[in-house]
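For reference, each letter of the sequence shown is one residue, going 764 to 927 in my numbering.
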Amino acid sequence: MMNRNMRRADREITDEGAIDGIFHEALVGHLGLCDGDEPYVVPMNFVLCGSALYLHCAHEGRRMDILRKNPKACLQTEVGTALTAGPHPCDYGMDYRSAIASGTVRVVGDNDEKNRALVALMKKYAGEDFSHAFSEKELAGVTVLCLDIEEKRGKARVSRPSPQ
Numbered sequence: 764m765m766n767r768n769m770r771r772a773d774r775e776i777t778d779e780g781a782i783d784g785i786f787h788e789a790l791v792g793h794l795g796l797c798d799g800d801e802p803y804v805v806p807m808n809f810v811l812c813g814s815a816l817y818l819h820c821a822h823e824g825r826r827m828d829i830l831r832k833n834p835k836a837c838l839q840t841e842v843g844t845a846l847t848a849g850p851h852p853c854d855y856g857m858d859y860r861s862a863i864a865s866g867t868v869r870v871v872g873d874n875d876e877k878n879r880a881l882v883a884l885m886k887k888y889a890g891e892d893f894s895h896a897f898s899e900k901e902l903a904g905v906t907v908l909c910l911d912i913e914e915k916r917g918k919a920r921v922s923r924p925s926p927q
């Protein structure tokens with residue numbers, strides 16, 4: 764999907780484990796969709812499970828309307844953001860580690876997969892000790908989306924140490 768060389772190759776993260784680490788560490792992802800010729804980005808909670816990102820949302824709304832027409836999407840996130848200052852305006856910068864995954868989104872219909880995804884989400888946000896089997900009623904009350912990842916990329920900027 765992206766199949767393009769990164770302009771700042773010196774900042775590219777090529778280690779898949781490091782890219783996955785960003786997805787595991789980040790708390791909010793920005794789901795990018797295309798509504799006809801208009802971009803639409805929405806912040807969401809998510810969890811990475813293998814080669815898929817799981818997200819949850821309401822059954823209806825703009826996001827779902829867009830996905831019914833065009834299921835292609837990307838999710839971007841970042842961690843470790845920090846402003847770096849310098850003596851001159853052009854010396855300022857931003858440290859970060861970012862990751863982006865692109866692919867096709869599908870609505871999870873299988874209740875077993877839906878339950879596994881929701882448990883994984885809760886373990887990410889509530890802690891590994893989370894244990895709950897979601898009831899049929901609870902599962903029916905939420906839409907779970909799966910972004911089947913076709914490509915993942917990462918990029919980082921880490922500030923240079925100050926000259927001595």
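Positions of the beta carbon are idealized from the N, C-alpha and C atoms, including for glycine.
Original post:
With 16 as the cutoff for other CB atoms within 10 Å, does N718 come out buried or exposed?
Top reply: Absent from the model: residue 718. The displayed extent of the chain is 764 to 927, so no value can be given.
Subject >> Closest Cα partner of A821 within the set V870, K887, D858, S922 >> reply: Translated into the one-based positions of the sequence shown, residue 821 becomes position 58. Nearest C-alpha to A821: V870.
**OP:** Please state whether DSSP places Q927 in a helix, a strand or coil.
**Re:** As a first step, residue 927 is located in the sequence shown; it is residue number 164 there, counting from the start. A caution first: Q927 carries a pLDDT of 43, below 50, which makes its placement in the model too unreliable to give a value.
Original post:
Excluding five sequence neighbours on each side, which residues of the same chain lie with their C-beta closer than 7 Å to the C-beta of L884?
Top reply: Within the sequence shown, residue 884 is the residue found at index 121, counting from 1. Closer than 7 Å at Cβ, skipping near neighbours: N808, V810, Y817, H819.
**OP:** Please find out if some non-hydrogen atom of the ligand PLP comes closer than 7 Å to the beta-carbon of K832.
**Re:** You won't find the ligand PLP in this model; it holds no ligand whatsoever.
Subject >> Segment contact, 8 Å Cβ cut-off, at least three pairs: the segment 840 to 847 with the segment 777 to 795 >> reply: yes
Original post:
Are D858 and A848 close, meaning C-beta to C-beta below 8 Å?
Top reply: Translated into positions along the sequence shown, residue 858 becomes position 95. Translated into positions along the sequence shown, residue 848 becomes position 85. Not closer than 8 Å, so no.
**OP:** Can you have a look at V916 and say buried or exposed, based on whether 16 or more other CB atoms are within 10 angstroms of its CB?
**Re:** The residue given as residue 916 occupies position 153 in the sequence shown. This sequence places Arg at residue 916; Val is not what is there. With 16 or more other Cβ atoms inside 10 Å of its own Cβ, R916 counts as buried.
Original post:
R869 bridges to which residues according to DSSP?
Top reply: On the sequence shown, position 106 is the one that residue 869 refers to. Answer by DSSP bridge pairing, in chain order: C909.
Subject >> Presumed contact (8 Å Cβ cut-off) between G795 and P802, rounded CB distance >> reply: Against the sequence shown, residue 795 aligns to sequence position 32. Against the sequence shown, residue 802 aligns to sequence position 39. 7 Å between Cβ atoms; contact.
**OP:** Decide if C853 is buried, meaning its Cβ has at least 16 other Cβ atoms within 10 Å, or exposed.
**Re:** Here residue 853 is taken as the residue at index 90 of the sequence shown, counted from 1. Result: exposed.
Original post:
Does DSSP classify D858 as helix, strand or coil?
Top reply: Here residue 858 refers to the residue found at position 95 when the sequence shown is read from its first residue. Three-state DSSP puts D858 in a strand.
Original post:
For R831, does the count of other Cβ atoms within 10 angstroms reach 16, so buried, or fall short, so exposed?
Top reply: The residue given as residue 831 occupies position 68 in the sequence shown. Counting Cβ neighbours within 10 Å, R831 comes out exposed, since fewer than 16 surround it.
Original post:
Where do the N-terminal and C-terminal ends of the beta strand (DSSP E) with L846 fall, by residue?
Top reply: Locating residue 846 in the sequence shown gives position 83, counting from the first residue. That run of the beta strand (DSSP E) goes 835 to 847.
**OP:** Alpha carbon to alpha carbon, how far is H793 from A862? Give it in angstroms, no decimals.
**Re:** Here the question's residue 862 lines up with position 99 in the sequence shown. Here the question's residue 793 lines up with position 30 in the sequence shown. Answer to the nearest angstrom: the Cα atoms are 11 Å apart.
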